[in-house]
Structure formats: structure tokens, C-alpha cells
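Asks: This is the structure I have questions about; it appears just below.
Protein chains: 2
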Amino acid sequence: MDIAVERAMAVFWSRGYHATALPDLLHATKLSRGSLYAAFGDKHALFLLALDRYIADALARMDSELAAGREPVDGLRAYLAGYVDRTSGARGRRGCLLVATAMELAGRDAEVDRRVGHFFRAMESRLADTLSRAKAAGRLAAGVEPASAARILVCFVEGLRVTGKTGPSRLASQATADALLDRFLG
Amino acid sequence: MDIAVERAMAVFWSRGYHATALPDLLHATKLSRGSLYAAFGDKHALFLLALDRYIADALARMDSELAAGREPVDGLRAYLAGYVDRTSGARGRRGCLLVATAMELAGRDAEVDRRVGHFFRAMESRLADTLSRAKAAGRLAAGVEPASAARILVCFVEGLRVTGKTGPSRLASQATADALLDRFLG
DNA sequence: CCATTTAAAGACCAATTGGTCTATATATAG
DNA sequence: CTATATATAGACCAATTGGTCTTTAAATGG
Chain A
1 MDIAVERAMA VFWSRGYHAT ALPDLLHATK LSRGSLYAAF GDKHALFLLA LDRYIADALA
61 RMDSELAAGR EPVDGLRAYL AGYVDRTSGA RGRRGCLLVA TAMELAGRDA EVDRRVGHFF
121 RAMESRLADT LSRAKAAGRL AAGVEPASAA RILVCFVEGL RVTGKTGPSR LASQATADAL
181 LDRFLG
Chain B
1001 MDIAVERAMA VFWSRGYHAT ALPDLLHATK LSRGSLYAAF GDKHALFLLA LDRYIADALA
1061 RMDSELAAGR EPVDGLRAYL AGYVDRTSGA RGRRGCLLVA TAMELAGRDA EVDRRVGHFF
1121 RAMESRLADT LSRAKAAGRL AAGVEPASAA RILVCFVEGL RVTGKTGPSR LASQATADAL
1181 LDRFLG
């Protein structure tokens, strides 16, 4: 049933929660109505599974980009490059399941609230760790605090996902990300 | 009919486009079904009017915060403080009609695309102008380009709107905004 | 006070929503 | 080969969707 969650995730990702109708999910998962309800309960439960998978994928990718064995500054560059890639052109227009969900459902769905909050905290703490390692290696500019720089980066990349919906060019986005990182590096 | 658009805006703002049902709009505007359709055509047309109003309000506020007669750095501080206020606590949880709309409808609704694109361009150009004035006054740190700093700020404030859905504390958000601005100032 | 426009109330519509259930087909196990 | 479990297709459901239309009430202008 793993593949069904992945396919459902793709539909919710492209259309959002409310705009995804049951026939969309049946078509994407190639499941019958009965099988889908037997396996997942209802639309909302399936959505939460899809969201969980999306979050797990994002955090796993982050862990590999910011791996402890790597040069922290290289990790940050790879992390930002990944976001630039995912927020430019057609991939940018597709958007982000987590940001779309936060805007559509957070504050009205406690299960979503928990997941969104957890994701932002997890992202921020990984960035703060990496920035601390960079600072210890003397790679950060004077006066840059890892904790607040991490919060800035979280806002920046989530903002990239928003502006990315207009499908900006990769070049412009990359230059913007580079300019921000340059402000942090010594 | 101005007040009706304003009330409709408040509903779309709180619930999003798809989750707003006609009875919600009728209740909020205190209009009858017939009157609403006679005045605005349909749900989608009313939504676009509400979005236009939201955008006009945001740009007007920005023009006053970043007024040409003012010290540009003071303007930037006021601008960021406004975002901090609107993205913390309960106001943060309410979210942003423009960001929610971008995530929910951009790429599937050409009228929305045009408006979202216009808004981001307008915001970026206002910020770039203000940053240029700051640079001319010698208030910018060495190596800070107004154009890319403006794009960074657009991403940052839109990211604040996303993370704001978790209702963070005003203090933390303000400290983050201050830390970012400090990276730009000499 | 009357005539005319304007708006309100709400019946009504077909289509769609998420969800259940039954009947049929298909595997699978013995 | 047969018995049983599993999944399919799709009928069916009440509720809700956005939207129209008619009837009644309320303003408004003369």
C-alpha cells in the first residue's frame, strides 16, 4: 500500500486537499473505492499519510545534504541549490505540499498543525547545527548567530516556495540564494 | 457594494477559496443569493475582486511605510515590523490571502497568476527602490546589491507568512527580522 | 398615495461531494 | 479442483456544491 500513498501524495501535492476529489485519488492509486476505504479509512487519513511521507522525504534529503561528515558550508550550498531547483520553472509552479497544506489547513486541523510545526522545528534545528559547525570552523562572518541565521534560512526557503509558484528562472533564484548565503559567510 | 467585497475578502482570507461555500459568503455579506449573483456574477469573480482589494491594501500600506520622504532604513524597519506583527500569534495563524491563493490556485487559474505575479514584482521593486536610496545614503554594508537584497526580502517576508501559520511569538520573529536587516546594514 | 424599481427569501436544479454496501470476479490455499 | 479470502466494479446514499428563478417585501420617486 506504500505505492498508493505515494500516488495519493502526488495528487494532493498538485491539487491541494479540498480540490482533490475521491475520483482523482481512485484514478491515481488505481484502487477501487472499497479497497481505498478498507486500506486507509477515509480521505483525511490518507492525506495525513501522504503528508507524513512528504515530510519524511524532505527531512531525509536534508540529512543527506547536511550530512555531519561533510563540510558544513558545502552542505548549506547543496541544501539551497536543491531548493532553487525545486522552486524554479515548472517544478516551482508545482509548489510544495507542506506549504500548501500549512496555508490551507493549519489552524483548522490539529493533526496538520502538529506535522507542520514539527517540520519547521526539524528543519530549523538541522540548519542551526550545520551553522554551528560552520561557525566552529571559522567560516561564518562576524556577528552571525547560528540560531537566528537558521530561522532566517527557514523563512527564506519557504518564501522561495511561495514566489516559486510564479515559475521564476533558475538563474535569478540561484543568484538570490547565493547573495543571502554570502551575507552569512566570512 | 464595497463593503460586501471587504466582507467576502475576510471569509476567503480565513478559509481559502475552495473551502469557502456560498452560504459562508451570503452570511458574511448579508446579501441574498440573487443579489450576490446580480452584483458580482459568480463566486470566482467575487473572489478576484476580494483578491484585488487585498493586494491594493497591501501595496498602499507598503507605500506609506516606505514613503520616499522618510529615511529608507526607518522605512525598512517599519515594513519588517509590520510583517512581524501580522505573522505572529493569532494574526499569524490567520495567514495571508495572497500566499494562500498563490499556493491553492496559482498555475491553475490564469487570472490569479497575473495578480500574484504583479504583487511580487510590485513588492520587489518598491524594496529595491528603498534599498537603492539606503545605499546612496551610505547605509548599506559593502557588497550588498539593492536588487538581490530586495529579492531576499520578498522571500523572507513571504516565508514569515508561512511559518507564521504555527503562531510563533512576536519576540522570536522580530529578532529574526532584525538579524536579517543587520546583515544588510553597514 | 401610488407606481416602479430594487432587493430579499427561499424553492429549486443538476452535478458533485465523501462514504457505504452488494454483487461479482480473481487469487490463493488446501 | 474446491473452498475461502480478497479485491473489483459500480450501484447507491444523503448532504452539499455553485447557480437560477420566482415570489414577496421593501424602498424610492412622482
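Protein sequences, first through last, are from chains A and B. Take 1 as the starting number for the first sequence in our numbering and just add one per residue. Take 1001 as the starting number for the second sequence in our numbering and just add one per residue. C-beta: ideal position from N, C-alpha, C; glycine also. What you are looking at is a predicted structure, and each value in this text was computed from that prediction instead of being measured.
Which same chain residues, not among the five before or five after residue 50 of chain A, have their C-beta less than 7 Å away from its C-beta?
Replies: Stepping through the first sequence from its first residue, residue 50 of chain A is reached at position 50. Closer than 7 Å at the Cβ level, and outside the excluded window around residue 50 of chain A, lie 5, 8, 9 and 12.
Asks: Can you grab the Cα-Cα spacing for the pair residue 71 of chain A / residue 137 of chain A, in whole Å?
Replies: Counting from one through the first sequence, the residue named residue 71 of chain A turns up at place 71. Counting from one through the first sequence, the residue named residue 137 of chain A turns up at place 137. So the alpha carbons of these two residues sit roughly 9 Å apart.
Asks: Can you give me the Cβ contacts of residue 15 of chain A inside the same chain, cut-off strictly under 8 Å, excluding the 5 residues immediately before and after it?
Replies: As a first step, residue 15 of chain A is located in the first sequence; it is residue number 15 there, counting from the start. Excluding positions up to five away in sequence, the list reads 24.
Asks: For a contact meaning CB atoms closer than 7 Å, what does residue 148 of chain A contact in chain B?
Replies: Locating residue 148 of chain A in the first sequence gives position 148, counting from the first residue. Within 7 Å Cβ-Cβ: 1175, 1176 and 1179.
Asks: For residue 16 of chain A, return the contacting residues in chain B, with the cut-off set at a CB-CB distance below 8 Å.
Replies: In the first sequence, the residue the question calls residue 16 of chain A occupies position 16. Within 8 Å Cβ-Cβ: 1018, 1103 and 1104.
Asks: If we define contact as Cβ-Cβ less than 8 Å, is residue 1053 of chain B a contact residue for chain A?
Replies: Position 53 of the second sequence, counted from the first residue, corresponds to residue 1053 of chain B. Not one chain A Cβ lies under 8 Å of residue 1053 of chain B.
Asks: Report the start-end ranges of each alpha helix (DSSP H) in the segment 1030 to 1099 of chain B that is 4 residues or longer and not cut off at the edges.
Replies: If we require 4 residues or more, the alpha helix (DSSP H) runs fully inside the segment 1030 to 1099 of chain B come out as 1033 to 1040, 1043 to 1065, 1072 to 1086 and 1089 to 1094.
Asks: Please go through the same chain and pick out, in chain order, the residues whose beta-carbon is closer than 7 Å to the beta-carbon of residue 132 of chain A, but skip the five residues on each side of it.
Replies: On the first sequence, residue 132 of chain A is found 132 positions in, with the first residue counted as 1. Closer than 7 Å at the Cβ level, and outside the excluded window around residue 132 of chain A, lie 146.
Asks: Measuring alpha carbon to alpha carbon, tell me which residue in B/1184, B/1185 and B/1123 is nearest residue 1057 of chain B.
Replies: What you label residue 1057 of chain B is simply residue 57 of the second sequence in a count that begins at 1. For the residues B/1184, B/1185 and B/1123, the minimum Cα distance to residue 1057 of chain B belongs to B/1123.
Asks: On the DSSP letters alone, give me the boundaries of the alpha helix (DSSP H) that residue 1135 of chain B sits inside.
Replies: Your numbering for residue 1135 of chain B matches position 135 in the second sequence. Run containing residue 1135 of chain B: 1110 to 1136, per the alpha helix (DSSP H) assignment.
Asks: What does DSSP give as the partner residues of residue 1105 of chain B in its beta bridges?
Replies: Position 105 of the second sequence holds residue 1105 of chain B. Answer by DSSP bridge pairing: none, since residue 1105 of chain B is not bridged.
Asks: Flag this pair as yes or no: are the beta carbons of residue 184 of chain A and residue 144 of chain A separated by less than 8 Å?
Replies: Stepping through the first sequence from its first residue, residue 184 of chain A is reached at position 184. Stepping through the first sequence from its first residue, residue 144 of chain A is reached at position 144. The answer is yes: Cβ separation under 8 Å.
Asks: Candidates B/1079, B/1045 and B/1105: which alpha carbon is nearest residue 1066 of chain B's?
Replies: As a working mapping, residue 1066 of chain B is identified with position 66 in the second sequence. Comparing Cα-Cα distances from residue 1066 of chain B to each of B/1079, B/1045 and B/1105, the minimum goes to B/1079.
Asks: Report back the beta-carbon spacing between residue 92 of chain A and residue 164 of chain A to the nearest angstrom; my notes put them in contact at under 8 Å.
Replies: Here residue 92 of chain A corresponds to residue number 92 of the first sequence, with the count starting at 1. Here residue 164 of chain A corresponds to residue number 164 of the first sequence, with the count starting at 1. Correct: roughly 3 Å between the Cβ atoms.
Asks: Who are the neighbours of residue 1116 of chain B on chain A, taking C-beta pairs under 8 Å?
Replies: Along the second sequence, one-based indexing puts residue 1116 of chain B at 116. What residue 1116 of chain B touches in chain A: 165 and 166.
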